Ligand code: NJP
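Numbering (my numbering), first residue to last: 533 to 755.
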C-alpha cells in the first residue's frame, strides 16, 4: 500500500526537496509549514500525492490537528520528518538578542517536542519512522551559536528516542547536515550541499532494512 510521510518545514529548502523525492517514489506527502501560499504552490506542482497542512510547530494543537487531518485523508502515517527550524546568528553571550533566543527555543526545541508528541500515536500504530533535522552545529562546538545549542538538543533527544521507540518497533534518525544551499541563507551557496542531498539521506534511512537502525547521518559539503 502507499507509504505516507508528514514533513514539517515543507514550504522550502530541505523539506520541499524531501517532499519532491517522496512523491517521485510514490509516497503520499503531508506538507506542514506556516506559509499556506507556498504549500499550495507545491501541491500544484506535486499533484494529488501531496496535501497542504498549514500550521505552526510552536503550537501543539496546530501540529496535532494537521496530523489528524492527514491521517483521515490517507489512513495513517508511516514516517514523520520534523525538519522545521530556524537559524539566527545570535551570539550566545550578552550580545545575543533575547527575542532571537526565544524564537529558536520555540521552533527548534519546543517545535520538535510538539511534533514528536503529536506524531507518536500514529507512528506507534505503524511501527513508523521518525526523522529529525539536527545539524553539524549540533555535533561540534562553534562560536556564537545558541542555534547550535538548540540542535544539540535535537541530537540528544533523537538518540534517546531511538531507544524509546524500540519498544514498539519504531526507528528514529537524526540528520546532521553542514551548510545546505537553501533560503535559510540570503545568498545562494552553489558549492555547498544541495537540499536534494539531504532528501537522499532521508530516503537512505527510510529504505534501510527493518533490522537496520540508521540513527544518525552526518553530511558535510566537500568544499
Ligand atoms: O531552511 P528553510 P532549510 N512552524 O528556511 C519552516 C536545518 N539546517 O531547509 O513556516 C512551522 O528553507 C519554514 O516554513 P514557513 C534548519 O535548522 C539547515 O535549510 O512557511 N514551520 C520552512 O519551510 C532546519 O531545521 C542547514 O516559514 C516553520 C522551514 O521551516 C532545517 O534544516 C544546515 C516554522 C525552513 O526552511 C530546514 O532548513 C543545518 C514554524 N514555526 C541544518 N518556522 C542549512 N541550510 O545550511 C519555520 O545544519 N518553519
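Using N, Cα and C, we set each Cβ at its ideal position, and we do this for glycine too.
Every value quoted in this text rests on a predicted model; they were computed, and no experiment measured them.
- Residue range 661 to 665 is occupied by the beta strand (DSSP E) that includes residue 664.
- With a 10 Å radius around the Cβ and a threshold of 16 neighbouring Cβ atoms, residue 672 comes out exposed.
- Annotated three-state conformation of residue 619 is coil, per DSSP.
- Its Cα nearest to that of residue 723, the residue 711 stands out among 711, 731, 730 and 716.
- Beyond the five residues adjoining it in sequence on each side, residue 703 comes within less than 6 Å, by CB distance, of 661 and 745 in the same chain, given in chain order.
- By DSSP's assignment, residue 584 forms a beta bridge with 563.
- It is roughly 16 Å from the alpha-carbon of residue 605 to the alpha-carbon of residue 612.
- Residue 639 has its CB nearer than 7 Å to a heavy atom of the ligand NJP.
- When the five nearest sequence neighbours on each side are left out, the beta carbons in the same chain lying within less than 8 Å of the beta carbon of residue 553 are those of 728, 731, 732, 734 and 735, in order along the chain.
- Look at residue 749 here: in three-state DSSP terms it is strand.
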